[in-house]
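To keep things clear, I will list the structure first and then write my remarks on it.
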């Protein structure tokens, strides 16, 4: 139908409504490649360059809504359209980044030779796509632009801010940490300023969030301590006439005693740290909170391993039991490996170490983003704990 209408009256393609939108704008907003092709097959490609009352071209509209196929189609027909700017001086890539359309960003990175310097282009106020990605709160897009797009990380906007400076505008702790870790790992620096002028990042209501979470974690830690303490007096295999455990000579039973003791001790320490942090309400309360998280994790895993050891000590060795232990072993390893990914999905161990190396050489990051530095070191400590867990998982079933 569109094809027939345009054959009958081609000038329909350039007519606009009250908002300045052409039929191509509507086709781009719907992501309809067939209609886009029908329009551009009959009328001149000049309609691609037409803008609405907001200064948006059809390419901007398609990028804004994440229609990667239409964007690819328009760029293929009119390569020069990538240079189009809206009323704020933004390219289609700026618009896509602002709307967190990662598919459009990936397309622009793949076609970096065709789009030229678009990945580092500045809008009307000097912001590059990397600036906008930080402000929009998109760690995955920041990572893609730096890792795959190889964009410049130290460009200053008209206000004199680099992307690393804009990370301080984030109110979410995990976003802030992701931005700082990724940017610093790829060599980003803040604007030149004196260290005594740097203000440490402080997120919105972090203290309240820690206080609310502390109550739940304290209950968990007490429950772990209760279960582990009860297990210590209800020995697997019961007691002999002399008052000692019947299975005291077995290797698995000895592991049960060690792991159960660790579970009790770690959970008690976690409770103490949580109570101290909530009672003190000092600047160091978040440190005790993080330390308590580590101890709760250790107590949980120790309790699980203690159960495995007790089960192993009371059961005869069989193929079925070995298979069950192997399945549980693999599942726990997958869980431990993925915990870090759930917390920081766009970071890797390599990026962590690059951040440690680069941040060690400058005091500005430590002064402005102390929580980011502390989070990285705690993640590395978590990795060490997990390595010990792997060793324990390998020893207990054996």
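Numbering (the UniProt record's numbering), first residue to last: 1 to 398. Glycine included, every Cβ here is placed at the ideal spot set by N, Cα and C.
Residues sharing a beta bridge with residue i, DSSP
i          : result
residue 51 : 57
Integer-rounded CB distance, given that residue j should sit under 8 Å from residue i
i           : j           : result
residue 138 : residue 186 : Incorrect: roughly 16 Å between the Cβ atoms, too far for contact.
residue 109 : residue 96  : Contact flag wrong, Cβ pair sits at about 11 Å.
residue 294 : residue 385 : 7 Å
residue 188 : residue 164 : 5 Å
residue 20  : residue 53  : 4 Å
residue 130 : residue 145 : 5 Å
residue 255 : residue 309 : 4 Å
residue 352 : residue 371 : About 15 Å; that fails the 8 Å criterion.
residue 180 : residue 365 : 7 Å
residue 260 : residue 232 : 5 Å
residue 274 : residue 217 : 6 Å
Cβ-based burial, residue i [other Cβ within 10 Å; buried from 16]
i           : result
residue 369 : buried
residue 149 : buried
residue 176 : buried
residue 98  : buried
residue 350 : exposed
residue 194 : exposed
residue 76  : exposed
residue 39  : buried
residue 143 : buried
residue 117 : exposed
residue 18  : exposed
residue 243 : Confidence in residue 243 is poor, its pLDDT being 49 and thus under 50, which makes the residue's placement unreliable; the coordinate value appears in the next sentence. By the 10 Å Cβ count, residue 243 comes out exposed.
residue 34  : exposed
residue 234 : exposed
residue 58  : buried
residue 345 : Residue placement at residue 345 is poorly supported in this model, since its pLDDT is 49, which falls under 50; the coordinates still yield a value, given next. Result: exposed.
residue 334 : exposed
residue 162 : buried
residue 219 : exposed
residue 331 : exposed
residue 327 : exposed
residue 363 : exposed
residue 45  : exposed
residue 277 : buried
residue 160 : exposed
residue 8   : Note that residue 8 scores 48 on pLDDT, short of 50, meaning its location in the model is unreliable and no value can be drawn from it.
residue 359 : buried
residue 68  : buried
residue 399 : Outside the modelled stretch of the chain, which goes from 1 to 398, sits residue 399, for which no answer is possible.
Beta-carbon proximity check, residue i vs residue j, cutoff 8 Å
i           : j           : result
residue 28  : residue 81  : no
residue 270 : residue 292 : yes
residue 100 : residue 136 : yes
residue 263 : residue 198 : no
residue 378 : residue 258 : no
residue 71  : residue 119 : no
residue 253 : residue 313 : yes
residue 184 : residue 382 : no
residue 48  : residue 65  : no
residue 367 : residue 192 : no
residue 73  : residue 115 : no
residue 140 : residue 102 : yes
residue 50  : residue 22  : yes
residue 288 : residue 228 : no
Residue i CB to nearest heavy atom of the ligand MG below 7 Å
i          : result
residue 74 : Among the ligands in the structure shown, none appear at all, so the ligand MG cannot be discussed.
Q: Determine, using beta-carbon pairs with one atom in the segment 81-89 and one in the segment 115-124, whether at least three such pairs fall under 8 Å.
A: yes
Q) Given 8 Å as the limit, is there contact between the segment 289-302 and the segment 223-236, that is, 3 or more CB pairs closer than that? A) yes
Q.
With three or more beta-carbon pairs closer than 8 Å as the criterion, would you say the segment 164-173 touches the segment 210-220?
A. no
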